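According to the numbering used here, the sequence shown is numbered sequentially starting from 12. Working notes for the structure below.
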Amino acid sequence: MKEPLSPKAHEILAHARSLLEAGGYNGFSYADVSARVNISKASIHHHFPSKTDLVRTVVVLYRAEAREGLALLERQLGDPLQELNAYVDYWSSCIAGGTSSFCICAMLAAEAPMIPAEIADEVRGHFEDLSGWLALTLEKGAATGQLRLQGSAADEAKGFMSSVHGAMLAARGLGDADTFEALARLAIARVSAAD
């Protein structure tokens, strides 16, 4: 991504992202993107020479968007419990509203043994970014007495992250957006010091 992306490249990326969310790396081809964008496969190759280039770019942009969103929560709220709730609220509204029903990095992580290494590295980076933010948020919450941790902040962060991604999977499997909300709220209740 050395030069700015064209509007057509952004459109290709948006459709690739929704295809990734629906079925992962192996769940779509350039033919699927071509049909959605209404351009030839050769034109897609002009923008992204390989599927690896396309998906890696999607994940790089997704990671940047996620880091920006998490930093915004911290700046706007500055309250660890509110930040956790806002993170869950974001996914609840995406899932209920149909704008995004699954974290693409969670989807790709399930395929990690079968995806190109450069994509797997970006996916791992996303999980490190998210668990790092969660660990800091949990540490701050524990220091103020808002949150209680049963293990290290790093382990608690991974547990919370797993609960949220598991809630996405359960909601998808049951075809019920409310399932995500209920399970994600339980994850917050587990670390909340308020009883």
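Using N, Cα and C, we set each Cβ at its ideal position, and we do this for glycine too. As the structure is a computational prediction, the values presented were derived from the model and not from experiment.
Helix, strand or coil at M12 [DSSP, three-state]: In the sequence shown, the residue the question calls residue 12 occupies position 1. Here the model assigns M12 a pLDDT of 46, short of 50, so the residue's position is not dependable and the matter cannot be decided.
In DSSP terms, what S5 is bridged to: As displayed, the chain neither begins before 12 nor continues past 206, which places residue 5 out of reach and without an answer.
Distance between I23 and D150 (C-alpha atoms, nearest Å): Indexing the sequence shown from 1 puts residue 150 at position 139. Indexing the sequence shown from 1 puts residue 23 at position 12. Looking at the sequence itself, residue 150 is Glu, so the reference to Asp does not match. A straight line joining the alpha-carbon of E150 with that of I23 spans about 40 angstroms.
Under 8 angstroms between C-beta atoms of V71 and L31: Position 60 of the sequence shown, counting from 1, holds the residue named residue 71. Position 20 of the sequence shown, counting from 1, holds the residue named residue 31. No, the pair does not count as a contact, with Cβ atoms beyond the cut-off.
Reduced DSSP secondary structure (H/G/I, E/B, other) of C105: Walking along the sequence shown from the start, residue 105 turns up at place 94. Residue state for C105 is assigned as helix, using DSSP reduced to three classes.
From N37, W144, V44, G136, residue whose alpha carbon lies closest to that of E167: On the sequence shown, position 156 is the one that residue 167 refers to. Residue W144 is the option with its Cα nearest to E167.
Which of helix, strand or coil DSSP assigns to P60: Mapped onto the sequence shown, residue 60 falls at position 49. Taken through DSSP and simplified to helix, strand or coil, P60 comes out as coil.
C-alpha distance - G177 paired with A53, whole-angstrom precision: Numbered from its first residue, the sequence shown carries residue 177 at position 166. Numbered from its first residue, the sequence shown carries residue 53 at position 42. One Cα belongs to G177, the other to A53, and the distance between them is close to 38 angstroms.
Simplified DSSP state of D90, which is helix, strand or coil: To locate residue 90, count along the sequence shown from 1; it is residue 79. D90 falls in the coil class under three-state DSSP.
contact_flag[the segment 106-125, the segment 34-41] where n(CB pairs < 8 angstroms) is 3 or more: Cβ pair count under 8 angstroms is three or more, so yes.
Alpha carbon of D132 to alpha carbon of A164, nearest angstrom: The sequence position of residue 132 within the sequence shown is 121, counting from 1. The sequence position of residue 164 within the sequence shown is 153, counting from 1. Computed Cα separation, rounded: 23 angstroms.
Meets three-Cβ-pair contact criterion under 8 angstroms: the segment 88-108 and the segment 154-162: The segment 88-108, when compared against the segment 154-162, does touch it at the 8 angstroms Cβ threshold.
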